[in-house]
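Chemist: Here the numbering used here is used: the first residue of the first sequence is 18, the next is one more, and so on. For glycine and all other residues, C-beta sits at the position ideal for the given N, C-alpha and C. Just so you know, these numbers come straight off a predicted model, no measurement behind them.
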Amino acid sequence: MPEGPIIVILKEAAEQFNGKKIIAAVNDNHKLDTSLFEGQTVTGFKSHGKNFFICFKHFNVRIHLMMFGSYTINEHKARKPRLGLQFANGELNFYTCVVEMIEGPLDELYDWHADVMNQKWSSAKAVEKLQDKPKALACDVLLDQHIFAGAGNIIKNEVLFRTKIHPKSLIGSIPTRKLKEMVDEVATYSFEFLKWKKEFTLKKHWKAYGQKICPRNKVPFHKADLGKTHRGCYYCDLCQVLYA
DNA sequence: CCCGGTGTTACAAC
DNA sequence: GGTTGTAACACCGG
């Protein structure tokens with residue numbers, strides 16, 4: 018159930034296995050040769066947006082939890098995991114997820130400037146990418162993983178509400194200053210998401226996502242699947258400006 | 001015919 | 001019953 022901040026939490030929690038050797042590995046289908054993992058030592062954990070990577074000397078494993086994926090650490094569910102790793106000091110399990118072997122360096126595949134929660138995140142590069150898409154809608158670009166890796170539907174809705182931008186606004190019609198504000202708010206909210214998630218108070222802080230009434234104007238929110246992404250938007254006509 | 005873009009569908013688990 | 005997400009296709013226009 019993972020937008021970027023959840024993957025950061027996973028990465029931090031997995032650190033206890035960094036530098037540890039895999040004693041045994043299991044999976045719930047025959048699409049993975051888990052013998053490749055056995056005896057291997059983890060050299061690090063990384064994340065890029067919603068992707069999680071387990072790194073080894075000669076290869077990396079990409080895990081994507083999609084919509085309904087989950088993980089457990091030092092406990093497990095009744096069913097077999099899609100990928101389960103046993104270490105001397107515990108276990109790391111992933112369920113209902115995509116698991117992919119990556120042979121080459123991650124740097125050739127992933128643009129770290131696009132990862133909202135990465136130290137290398139560049140808001141300036143994000144603004145440049147947006148300026149190349151003047152006809153795109155705000156509600157679509159905020160889900161574009163090449164621009165905002167890690168942003169999902171919750172982050173999208175909260176950012177649009179916070180910056181008072183209507184989801185159907187055209188990127189090319191949003192003043193540059195406002196566009197920069199939107200870009201920066203993706204990072205700001207993502208780190209607040211992370212903090213609140215750790216405190217188990219994420220939902221309590223939602224102002225728009227899943228809400229019925231605009232907290233500013235006390236009028237009902239609209240709820241509609243908008244844009245080419247057809248994802249749910251919660252928005253208020255009174256305070257969210259439509260740049261058309 | 002290929003290529004990029006768009007649209008539809010499938011899948012998953014709570 | 002709805003969905004914190006992508007990927008695999010089909011289709012279309014250039």
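(1) Unbroken alpha helix (DSSP H) runs of length 4 or more, entirely within the stretch 162-227: which are they?
(2) Does DSSP put Val78 in a helix, in a strand, or in coil?
(3) Under the three-state reduction of DSSP, which class applies to His6: helix, strand or coil?
(4) Should Ile24 and Ser52 be called a contact, given that it needs their Cβ atoms to be closer than 7 Å?
(5) Look at the Cβ atom of Val59, then the Cβ atom of Gly101, and state whether they are nearer than 7 Å.
(6) Are the CB atoms of Asn77 and Phe69 nearer to each other than 7 Å?
(7) Does DSSP put Phe34 in a helix, in a strand, or in coil?
(8) On the three-state DSSP scale, how would you describe Gly21?
(9) Contact between the stretch 190-203 and the stretch 219-235: three or more CB pairs below 8 Å?
(10) Does the contact criterion of 3 or more C-beta pairs under 8 Å hold for the stretch 133-145 versus the stretch 112-123?
(11) Which of the three DSSP states, helix, strand or coil, is assigned to Glu117?
(12) Using 8 Å as the threshold, is the stretch 97-112 in touch with the stretch 21-35, meaning 3 or more CB pairs across them?
(13) In three-state DSSP terms, what is Asp50?
(14) Can you confirm whether the stretch 150-162 touches the stretch 208-223 when touching is taken to mean that 3 or more C-beta pairs between the two stretches lie within less than 8 Å?
(15) Excluding the 5 residues preceding and the 5 following Trp138 in the sequence, name in chain order all residues of the same chain whose CB lies nearer than 7 Å to its CB.
Modeler: Taking the definition as stated:
(1) 170-179, 193-215
(2) strand
(3) Not covered by the structure: residue 6. The range shown for the chain is 18 to 261.
(4) no
(5) no
(6) no
(7) helix
(8) helix
(9) no
(10) no
(11) strand
(12) yes
(13) coil
(14) no
(15) His130, Asp132, Ala204
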